[in-house]
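A.B. asks: For what it's worth, our numbering labels the leading residue of the sequence shown as 4, then goes sequentially.
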Amino acid sequence: MSEYIHKSHNVSVLLYHFVCPAKYRRIVFSSNVEQSLKEICIEISKRYDIVFVEIGSDQDHVHFLIQSVPMESPTKIIRIVKSITAKEIFKRHPEVKQKLWGGEFWSKGFYVNTVGKHGDENTIQNYVKSQGKEKEYKKIHSQQLSMF
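#1: Among Phe108, Asp52, Ile83 and Ser133, which has the Cα closest to the Cα of proline 73?
#2: Do the stretch 95-108 and the stretch 49-66 make contact, defined as three or more Cβ pairs closer than 8 Å?
#3: I believe lysine 26 touches serine 110 by the beta-carbon criterion, under 8 Å. Please report the beta-carbon distance rounded to the nearest angstrom.
#4: Using only the alpha-carbon positions, how far apart do lysine 90 and valine 36 sit?
#5: Among Val118, Leu40, Ile30 and Cys23, whose alpha-carbon lies nearest the alpha-carbon of valine 16?
#6: Report the rounded CA-to-CA distance for valine 2 versus serine 5, giving the unit in angstroms.
#7: Tell me whether isoleucine 69 sits in a helix, a strand or coil according to DSSP, three-state version.
#8: Within a Cβ cutoff of 7 Å, which residues of the same chain sit near histidine 64, ignoring the five residues on either side of it in sequence?
#9: What does a CB cutoff of less than 7 Å around glutamine 62 pick up in its chain, not counting 5 residues either side in sequence?
#10: Are threonine 88 and cysteine 44 touching if we call contact CB-CB under 9 Å?
#11: Using 10 angstroms around the beta-carbon of isoleucine 81, count the other beta-carbons present and answer buried if the total reaches 16, otherwise exposed.
#12: Kindly say whether isoleucine 8, judged by its beta-carbon, lies nearer than 9 Å to any beta-carbon of chain C.
#13: Among the residues of its own chain, which have a CB less than 6 Å from the CB of histidine 96, if the five just before and after it don't count?
#14: Could you tell me which residues DSSP pairs with valine 239 in its beta bridges?
This is the structure in structure tokens:
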């Protein structure tokens with residue numbers, strides 16, 4: 004479960020859903036490889052401001068639910084995760100390296116989406132709308148819409 008992360012000048016709950024396919028979409032995530040992946044991710048959590056809330060694999064790709072801090076961009080987070088896990092999995096499971104020629108474990112791309120702890124986009128949008136004076140908000144909002 005995600006928790007508030009308290010730093011000296013901010014408090015955050017930033018959750019990201021990443022999906023990372025194996026190179027060539029090869030089926031490489033056996034139960035042993037998946038177990039190693041989870042162990043490696045625990046070690047990553049100890050060294051970086053990255054918390055793995057959940058990890059799930061489906062033979063040729065992995066879903067990560069990751070919590071981090073505002074100073075780390077999603078691209079930097081996944082770069083750290085992909086580089087360390089690739090090196091360690093190749094080290095621990097030489098049979099995987101045989102399936103993936105070229106020395107790369109992950110495909111270059113990934114999917115990322117933000118995940119809300121306190122509501123979806125509509126809930127937050129309505130919450131923001133209700134802040135302050137309703138009349139002033141409507142006036143500002145209608146002016147912004149008329150610009151388009």
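We put the CB at the ideal spot given by N, CA and C, even for glycine.
C.D. replies: Here's the rundown:
#1: In the sequence shown, residue 73 corresponds to position 70, counting from 1. Of Phe108, Asp52, Ile83 and Ser133, the residue nearest in Cα terms is Asp52.
#2: no
#3: The sequence position of residue 26 within the sequence shown is 23, counting from 1. The sequence position of residue 110 within the sequence shown is 107, counting from 1. Their Cβ separation, rounded to whole angstroms, is 5 Å, which keeps lysine 26 and serine 110 in contact under 8 Å.
#4: Here residue 90 is taken as the residue at index 87 of the sequence shown, counted from 1. Here residue 36 is taken as the residue at index 33 of the sequence shown, counted from 1. One C-alpha to the other measures close to 13 Å.
#5: Within the sequence shown, the letter at position 13 stands for residue 16. Selected option, being the one with the closest Cα: Val118.
#6: Residue 2 falls outside the range modelled here, since the chain spans only 4 to 151, and no answer is possible.
#7: Counted from its first residue, the sequence shown places residue 69 at position 66. Note: isoleucine 69 maps to strand in three-state DSSP.
#8: As a working note, residue 64 is residue 61 in the sequence shown. Cβ neighbours of histidine 64 beyond the five flanking positions: Val22, Cys23, Pro24 and Ala25.
#9: In the sequence shown, counting from the first residue as 1, residue 62 sits at position 59. For glutamine 62, where only same-chain residues beyond five positions count, the Cβ hits under 7 Å are Ile30 and Phe32.
#10: Translated into positions along the sequence shown, residue 88 becomes position 85. Translated into positions along the sequence shown, residue 44 becomes position 41. Yes, the Cβ-Cβ distance between threonine 88 and cysteine 44 is below 9 Å.
#11: Walking along the sequence shown from the start, residue 81 turns up at place 78. By the 10 Å Cβ count, isoleucine 81 comes out buried.
#12: No chain C appears in this structure, which consists of one protein chain only.
#13: Looking up residue 96 in the sequence shown gives position 93. Correct list, in chain order: Val36.
#14: The structure shown does not extend to residue 239, since the chain is modelled only from 4 through 151, so no value can be given for it.
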